[in-house]
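Protein chains in written order, with the working numbering: chain A, 1 to 77; chain B, 1 to 348.
#1: Give me whichever residues DSSP pairs with residue 321 of chain B in a beta bridge.
#2: Rounded to the nearest angstrom, what separates residue 40 of chain A and residue 64 of chain B at their Cα positions?
#3: Within 9 Å of any Cβ in chain B, is that where the Cβ of residue 77 of chain A sits?
#4: With DSSP as the reference, label residue 210 of chain B as helix, strand or coil.
#5: In the DSSP assignment, what residue or residues form a beta bridge with residue 5 of chain A?
#6: Relative to the alpha-carbon of residue 117 of chain B, which residue among A:51, A:32 and A:19 has its alpha-carbon at the smallest distance?
#7: State yes or no: is the beta carbon of residue 85 of chain B nearer than 9 Å to at least one beta carbon in chain A?
#8: Which residues in the same chain have their Cβ closer than 7 Å to the Cβ of residue 69 of chain B, if we skip the five residues on either side of it in sequence?
#9: So with Cβ pairs under 9 Å, would you call residue 88 of chain B a contact of chain A?
#10: Starting from the Cα of residue 351 of chain B, find the closest Cα among B:157, B:344 and B:86 and give me that residue.
#11: Within the continuous alpha helix (DSSP H) that includes residue 100 of chain B, where are the two ends?
#12: Going by DSSP, which residues form a beta bridge with residue 63 of chain A?
#13: Can at least three beta-carbon pairs, one atom from the stretch 322 to 329 of chain B and one from the stretch 174 to 186 of chain B, be found at a separation below 8 Å?
#14: Residues of chain A with CB under 8 Å from residue 118 of chain B, in chain order?
#15: Can you list, in chain order, the residues of its chain with a C-beta nearer than 7 Å to that of residue 78 of chain B? Leave out the 5 residues immediately preceding and following it.
#16: What does a CB cutoff of less than 6 Å around residue 72 of chain A pick up in its chain, not counting 5 residues either side in sequence?
#17: Rounded to whole angstroms, what is the Cα-Cα separation between residue 29 of chain B and residue 318 of chain B?
#18: How many Å lie between residue 268 of chain B and residue 311 of chain B at the Cα?
#19: Could you check what DSSP says for residue 45 of chain B in three-state terms: helix, strand or coil?
#20: So that I know if they touch, is there some Cβ in chain A lying closer than 9 Å to that of residue 211 of chain B?
#21: Which class does residue 246 of chain B belong to by DSSP, given the choice of helix, strand or coil?
#22: What number of angstroms, rounded off, separates the C-alpha of residue 3 of chain B from the C-alpha of residue 346 of chain B?
#23: Please classify residue 282 of chain B: is it buried, with 16 or more other beta-carbons within 10 angstroms of its beta-carbon, or exposed?
#24: With distances taken from CA atoms, which of B:261, B:81 and B:236 is nearest residue 285 of chain B?
#25: If I measure Cβ to Cβ from residue 92 of chain B and keep anything under 7 Å in the same chain, skipping five residues before and after, which residues do I get?
#26: Determine, using beta carbons only, whether residue 4 of chain A comes closer than 9 Å to chain B.
#27: Does DSSP classify residue 56 of chain B as helix, strand or coil?
The following block contains the structure:
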């Protein structure tokens, strides 16, 4: 089970990243759990300075921008 | 972050060279095309009021859009060299004054979105970037931006654009320095420092190594995102410039926003501070005000107040700053803009 977390305080880009991550994860076909992290303290515990950020199994894979679905698939695979 | 598209780096590089050549060709021949379109294709009468307006419009719109595409692409590529993490490492432990200057300059090239102002603030101060230096960055990042500069350059010339750039940097440096002097650390919400000043934080997440084709890709993405969002305002701004001639008396604004009305600068700043708009959408307003006799200092002060400070920003920052610090921050920056506005009106 992959754990995918989207860090962001709820801006438009965060929603977009969540949608892209969801689509990429579905395409990969592995079971996953998607969680949106909106609490500031929790976001800061990942040492991220620009939101939105994509975290897969506890590792920050990308921050500050929305990737394409293909790129997200690579980051998650 | 390797790109998965099929195009090889050399193909992408050739595409960039080709685009630059086309860009140059278009830019060189804009005025001939505009004249041909207006008087031959549309059949408007030379010397007529309508003809002049249309010619202005069909020349200015592609000109400003072409400039915008080029600069946004360039800045998009440059920004791949300046991640927030790298900027933080450059600023951490830096002395004030030097730090303020560096922070204001880095604020112009580091990718920044006002929605991540808070994580960025925490990331900076907990890694040992002085509070005043952090503020210099937070002031310059939204205010001095490439879209504002291109639009000012395209519509009002390099002098106005240069003044805006210079004054934006000076405000960011001096306001940040002043805030640093005031020793306001105790007005930062205490939980921010709870984990202690964390030098490990200076590491942050791993920064991916980019190759040139990724950087060019980032430039193209910036063009798609930014130009895709602001072109409407460019059109609107130029339409205002082309259209309002003759419909509103030439010096309509001069009595209320001209340089003789001493109170116009404070009013412009007070109106502008709570407003939130991006640099592009404010341009039509700037165009209309300047065209009708408002003083340049007053208008630039208004523009800086609108894009540099805003009510939503205050609400976002409230998560990490106590009300007193927010009020001081806004007060110092607004004061700086006020002085700049007066200075412009006096000198120009």
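For glycine and all other residues, C-beta sits at the position ideal for the given N, C-alpha and C.
Just so we're clear, the structure is a prediction, and the values are computed from it rather than from any experiment.
Walking through what the data contain:
#1: B:188
#2: 40 Å
#3: no
#4: coil
#5: A:35 and A:55
#6: A:51
#7: yes
#8: 223 and 227
#9: yes
#10: Nothing can be reported for residue 351 of chain B: it is not among the residues displayed for chain B, which extend from 1 to 348.
#11: 98 to 109
#12: A:53
#13: yes
#14: 9 and 40
#15: 109
#16: 20, 21 and 24
#17: 51 Å
#18: 16 Å
#19: coil
#20: no
#21: Per-residue confidence for residue 246 of chain B stands at a pLDDT of 48, beneath the threshold of 50, marking its modelled position as unreliable; the derived number appears in the next sentence. Residue 246 of chain B: coil per DSSP, three-state reduction.
#22: Any reading at residue 3 of chain B must be qualified, since the residue scores a pLDDT of 44, below 50, and its modelled position is unreliable; the value itself is stated next. Cα-Cα distance, rounded: 53 Å.
#23: buried
#24: B:236
#25: 127, 128, 129 and 202
#26: no
#27: helix
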